[in-house]
Structures are given as C-alpha cells and as structure tokens.
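Participant: Here the sequence shown is numbered in the UniProt record's numbering, starting from 1 and rising by one per residue.
Please read through the structure below; I'll follow up with questions.
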Amino acid sequence: MSTKMETSNFKENAQNQKLEKKTKKKKSKTKKKVPRCNHPDCRTKLKLSDMPCKCKLIFCAIHRPFYKHNCCYIENGMDKINGIGGGNFKKIEVI
C-alpha cells in the first residue's frame, strides 16, 4: 500500500513540476519596453550612446539639439544664449 502512495505522490510531484515550468515559461515571454525618442513625430529606437537633454528627456541624434525639440530648459535661460544685451552691440567711441 505504501508503494501505491509513493507512486501517486511521485506522479503528483512530476505534474506539479511540469505546471511550474509552464508558468515560468509564460513569465519569460513578456517583452521589455524598448526606449524610444521622446519627440512626438519620431519613434526611433534609442542607442546606449544617446544621452538625456537638460530637460531630462532622451532624444535620438536628429532631435537632440534644443531647437529641434523645443526644449523647455532653454526657454528659461534664453538670456544666456542671446547674451546680456540681447545680441545688440554698439560701437564704443575712443576717448
């Protein structure tokens, strides 16, 4: 009688192991999210070499310059880009 119980337990254990393997396989099939360019018109996959902008968004090589993606960080610091005088210079007369 004990041999019947042992064989039935062995069969149950084998079935449980098969079920566990199936569930593990299902978990591994989930796809990883591929990082893509944050520009609204561009969906190119990003490379490891692509770095985030100062606005903390990552763009592809085409949209990386601030004027290509309307960077919000640059709007706050436009005086640094244009200069203190706004780009207008006057010639100083010699004394």
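Glycine included, C-beta positions come from ideal geometry on N, C-alpha and C.
In this text, all values refer to a predicted model and were calculated from it rather than measured experimentally.
Looking only at its own chain, which residues have a Cβ that is under 7 Å from the Cβ of asparagine 38, when we skip the five neighbours before and after it?
Facilitator: In the sequence shown, the residue the question calls residue 38 occupies position 38. For asparagine 38, where only same-chain residues beyond five positions count, the Cβ hits under 7 Å are Leu57, Ile58, Phe59.
Participant: May I have the straight-line CA-CA distance separating lysine 91 from isoleucine 62, to the nearest angstrom?
Facilitator: As a first step, residue 91 must be located in the sequence shown, where it is residue number 91. As a first step, residue 62 must be located in the sequence shown, where it is residue number 62. Between lysine 91 and isoleucine 62, the C-alpha separation is close to 39 Å.
Participant: Out of curiosity, what's the CA-to-CA distance linking proline 65 and glutamate 93?
Facilitator: Stepping through the sequence shown from its first residue, residue 65 is reached at position 65. Stepping through the sequence shown from its first residue, residue 93 is reached at position 93. Distance between the alpha carbons of proline 65 and glutamate 93: 39 Å.
Participant: Just confirm the distance between the C-beta atoms of leucine 73 and cysteine 55, as a whole number of angstroms; I'd bet it's less than 8 Å.
Facilitator: Along the sequence shown, one-based indexing puts residue 73 at 73. Along the sequence shown, one-based indexing puts residue 55 at 55. This sequence places tyrosine at residue 73; leucine is not what is there. About 4 Å separates the two Cβ atoms, so the contact holds.
Participant: Cysteine 71 and cysteine 42: beta carbons closer than 8 Å?
Facilitator: Within the sequence shown, the letter at position 71 stands for residue 71. Within the sequence shown, the letter at position 42 stands for residue 42. Contact flag unset, no.
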